[in-house]
Amino acid sequence: MADDDRIDEEGVAAPAPTPAATDDVSAAPKRGEARTADGEDQDGRPRSPSGVRPEPAMEDAAAARIEPADGGTATAEGRRPETLHELLPKQQMGKAPPSGTAHHEAEPAPDDFNLQRGDWYKTRVETVHGPAAVGTNSVSVQVNLGGQQVTLTRYELTIADLQQHGRRYVRGANFPLALTTLRTEGLMIIRGPDGSGRRAAGHALLERLYAEKRISAVGGLVMPDGVVAGDVLSQSEVFFPDRWGLVLELRDGADLADESTVEAYRTAVGHGARGYVVLIGPPASEAEASRYTVTHDWPDPAAVLERYLETELVECPPDELRVITTDESTKDYLANNRRPAQVVKLARALVEGLRQRKTPAAVVASLEPDWRTVARRAFEDALGSSSASDPFGGPRRQALRTAYAIFDGIELVDVFVAAEQLLGMLRLIEAPDSTPARPVFDDGLDKLFYPDMLGDLSTGKEQSPRRAQLRNAALSDAFLDVAWNDYDTTREVLLYWLDRVVTSGRPAMRLRAAQAAGKLAVYDFDKVMADLIRPWALDTNGMRRQAAAWALEQVGRHERFVIRVRRRVNDWVLSNDPELHDTAARIYGTELGAAIPGAALHDLRLIAADPRQRAYRSVGHAVASIYLAGSADLIFEQVDAWLDDASSDVSAHATWAVLFLARLLGTDRLDWPQLLVDATAVPERLPVLVRMWTAALANPTTAYPAWDLLRQWLALPYRPGGPHEDLTGALSDLVRETLVDPRLRRRGLWHLRLWHGRRPEDLLLKELIDRLTEDRAR
């Protein structure tokens, strides 16, 4: 398999190339296939063995779409609106790949189902920065949010926590105003960016009320994004215990801009009679501010550092502390890292380092840099590199550095192609009448890139092909953060550029571009969802729908967005749009479906009941992905039930699911189908497996690939490492019991004799032929 089709460094697989048709099972592709529906044309529709694409059922009904209640904008055709059509005219950009038609770089889509490794699916866990619980005493609270049971953690600060916090905290200029507002109203809102000390300010305010005996406990709760005020206020007795002071962190600031919602929060705590609440949210405009809002102004960073060191290094004389805080290396760090969270990071490192007799300069040098600062400097350096001889040198480096960061680990040739696309878009916006003096890649990497962003390039020179290498993987996210939040002119360009890459790049590039869109959605969910992800989900091009699935999978890795993403997918399941149904099925084939297998299979059954979904195979592929994530019992039960479903559409998808399951090779018993291994381990599953194979072999739509898969199964006992007595016996019994069915008996004998003619030494095939012939003669 080619390197660019292997799993990239984040553990996400890219599609495998089309395997050659052969009787040699050892030639089957190995693990490393992307989570996309197999056997598809470019628009995601399955191809028949003859290569002719079947027409979807009820084609006319597809036009009668009902818009789901999930917001967002799209054209009548369901394609992404041209948000840059004025700035980036098509005649200048070149013709984009048309939706729903094949492209010369179409992703490979094998016609045949071949046995392959199944361990490409890994459920990845991303650490979400920010405490799920702060304090010594934390309790899990089961609440019903939007019809789903969700476990949240409510914490309580102990007396020791409050005392330590009081010794460390440095008040800002607005602290008296915030305290007065909280005492008077029972509620106040602290607005500010992440890492600015908003939570610490809230704890300090409530600590004062605790000292005044107004409350008996101080705690807090971090609310996931997507939880609306009604979810919280309808269960106020759970969230707001009597005589508590709570810091309630709302990642989504929409509720804070609504005056009636804020008043409802205030009523929940009885205007201070039952308790007090400090709401924390993102920065707000003047129009969003209310009489309860206090803009958080963080204190002087030098004062924060000095107070922290005084608290932790009580044995250190004041003169020595003064030397530490006035050291040039310390001052340089504070000049570039002024947010309290960054200062506390330095303070903790100094406390540990000074006890090991390290100098302040050595401690600062050992600190991992703030990668966002590195990304910001790389942008500023790029924009300042234009000259009279190369007036467009700045945007050239800006485009190349952005592409290099986003596509870290990808082949350089692909990175440069993406950078040229981005450069062309930036040129049309920043200097539409200019012409680049030289190509993007016109010099050595050390001259084109900011030094602090590059990894050790000497380690990659032996690679073929060479790949992008960042100094730290966190820089990729940092570049997206800076490009989106610090440069207004690049936002629309980024969306338009990512849309081009997901339909024109190679598999690894398309995957990474979709993930980048998901990361941007964390910064502005509504905009990215409306302008990019939802139009992808509505598109008739299968690659764009898969990009929407990958993007939402990335968003769902952030804990605070999980509920919001699940609600959006559920809206798509309940819609009447066939493309949204297919996209939802693809999403359930990712980590999001593996995390909630029961709910995912319930929704997949609803999707399968749509007759128009017979044109796609995403439901079956999603079932296989959920199976690989560790839900064997549930999959055997549900697929068996689907086969007997009253809806012929559901049973049709069940037979395709059988094929996706049957082709997966195991991990514990190498080179044996995982389905057979699991069925052998639990004897009650064997009759279910017989019914599954019978349905797949008897269905005219799936019969051709099913018989070929059965041929591959029967070749396994004679592969290196076999035979395995228990699995060989189980396979023999399975085939006999399956081919007893009157619909399959005659055809089964024909296939067995054909295969035995090609492999006359195959004793298992000879035994099966003899026994089935005897059974037929009775």
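For the sequence shown, position 498 (counting from the first letter as 1) is numbered 700 according to the working numbering, and the numbering increases by one without interruption.
From the three backbone atoms N, C-alpha and C, an ideal C-beta is built for every residue, glycine too.
Which ranges does the alpha helix (DSSP H) cover as unbroken runs of at least 4 residues, wholly within the region 508-556, from first to last along the chain?
List check, alpha helix (DSSP H) in window: 520-527, 530-538.
Measure from the alpha carbon of F651 to the alpha carbon of each residue in G422, L630, R673, then state which is nearest.
Checking every option, the nearest Cα to that of F651 belongs to R673.
I'd like the ranges of any beta strand (DSSP E) spanning at least 3 consecutive residues and lying wholly in the region 350-403.
Correct list: 350-359, 389-393.
Taking just the CA atoms, how far does F763 sit from S678?
Taking the straight line joining both Cα atoms gives about 20 Å.
For the putative contact between L929 and L891, defined by C-beta atoms under 8 Å, what is the C-beta separation to the nearest angstrom?
The pair is not a contact, with the Cβ atoms about 13 Å apart (cut-off 8 Å).
Can you determine whether any heavy atom of the ligand NAD sits closer than 6 Å to the C-beta of S850, and answer yes or no?
Within the structure as shown, the ligand NAD is missing, as the structure has no ligands at all.
With the cut-off set at 7 Å, would you say G447 and I482 are in Cβ contact?
Contact: no.
Candidates Y494, R708, A551, L507: which alpha carbon is nearest A537's?
Nearest option by C-alpha distance: L507.
Could you pull the DSSP bridge partners for V480 from this structure?
Answer by DSSP bridge pairing, in chain order: M390, V449.
Report yes or no: do three or more beta-carbon pairs, one from the region 932-951 and one from the region 911-919, lie closer than 8 Å?
Enough Cβ pairs lie closer than 8 Å, so yes.
Are the beta-carbon atoms belonging to A900 and R945 less than 7 Å from one another?
Yes, the Cβ-Cβ distance between A900 and R945 is below 7 Å.
Kindly list the residues whose CB is nearer than 6 Å to the CB of A749, restricted to its own chain and excluding five residues on each side of it in sequence; keep chain order.
So the qualifying residues of the chain are V704, A716, W738.
To which residues of the same chain is A856 closer than 6 Å at the C-beta, ignoring the five residues directly before and after it?
Counting only Cβ-Cβ distances below 6 Å, and skipping sequence neighbours, we find V841, W844, L845.
For L379, count neighbouring Cβ atoms within 10 angstroms of its own Cβ and tell me buried if that reaches 16, exposed if not.
Exposed.
State the beta-bridge partners of G421 as determined by DSSP.
According to DSSP, G421 bridges with E358, L448.
Within its chain, find whatever has a CB closer than 6 Å to the CB of E284; leave out the 5 residues flanking it on each side and keep chain order.
Confidence at E284 is low in this model, with a pLDDT of 39, below 50, so its placement is unreliable and no value can be given for it.
I'd like the span of the beta strand (DSSP E) that includes T903, first residue to last.
No beta strand (DSSP E) contains T903, which DSSP labels as neither H nor E.
Measuring straight from C-alpha to C-alpha, what distance separates V775 and I809?
Cα-Cα distance, rounded: 6 Å.
Closest to D726 by C-alpha separation, out of S706, R702, D683, would be which residue?
Considering only alpha carbons, the answer is D683.
Around the Cβ of L803, are there at least 16 other Cβ atoms within 10 angstroms (buried) or fewer (exposed)?
Result: buried.
Give me the Cα-Cα distance between L966 and F838, rounded to the nearest whole angstrom.
Looking at the two C-alpha atoms, the distance is approximately 27 Å.
Between the alpha carbons of L364 and E517, how many angstroms are there, rounded?
The alpha-carbon atoms of L364 and E517 are separated by roughly 22 Å.
Would you mind sorting E963 into buried or exposed? The rule is 16 or more other CB atoms within 10 Å of its CB.
Counting Cβ neighbours within 10 Å, E963 comes out exposed, since fewer than 16 surround it.
Which word fits S568, buried or exposed, when buried means at least 16 other C-beta atoms lie within 10 angstroms of its C-beta?
Exposed.
Going by C-alpha to C-alpha distance, which of D812, K968, A917, D444 sits closest to S849?
Among D812, K968, A917, D444, the Cα nearest to that of S849 belongs to D812.
Do you know whose CA, among R540, N376, N316, lies nearest S398's CA?
S398 has its Cα closest to that of R540, out of R540, N376, N316.
Under 7 Å, do Y829 and L863 count as touching if we go by C-beta distance?
Yes; because the gap between Cβ atoms is below 7 Å, this pair is in contact.
Can you tell me whether G795 is buried or exposed? The criterion is at least 16 other CB atoms within 10 Å of its CB, across all chains shown.
Burial call: buried.
Along the alpha helix (DSSP H) that carries V684, what are the first and last residues, could you check?
Counting along the chain, the alpha helix (DSSP H) containing V684 begins and ends at 676-687.
With DSSP as the reference, label V471 as helix, strand or coil.
Coil, per DSSP.
Determine the closest residue to A549 out of E514, T575, Y698, with distance taken between C-alpha atoms.
The option with the nearest alpha carbon to A549 is E514.
Roughly how many angstroms separate the alpha carbons of A580 and F609, rounded to a whole number?
Near 16 Å, if we compare the C-alpha coordinates of F609 and A580.
Since V775 is in the alpha helix (DSSP H), which residue starts that stretch and which ends it?
From DSSP, the alpha helix (DSSP H) with V775 extends over 764-776.
If we count the other Cβ atoms within 10 Å of its Cβ and call it buried at 16 or more, is S301 buried or exposed?
Bear in mind that the predicted position of S301 carries a pLDDT of just 35, short of 50, making it unreliable; the figure below should be weighed with that in mind. Flag for S301 reads buried.
Count the other CB atoms within 10 Å of the CB of A718; is the residue buried (16 or more) or exposed (fewer)?
Buried.
Quick one, which of V479, L389, V449, R509 has its alpha-carbon nearest G368's?
Out of V479, L389, V449, R509, R509 has the C-alpha closest to the C-alpha of G368.
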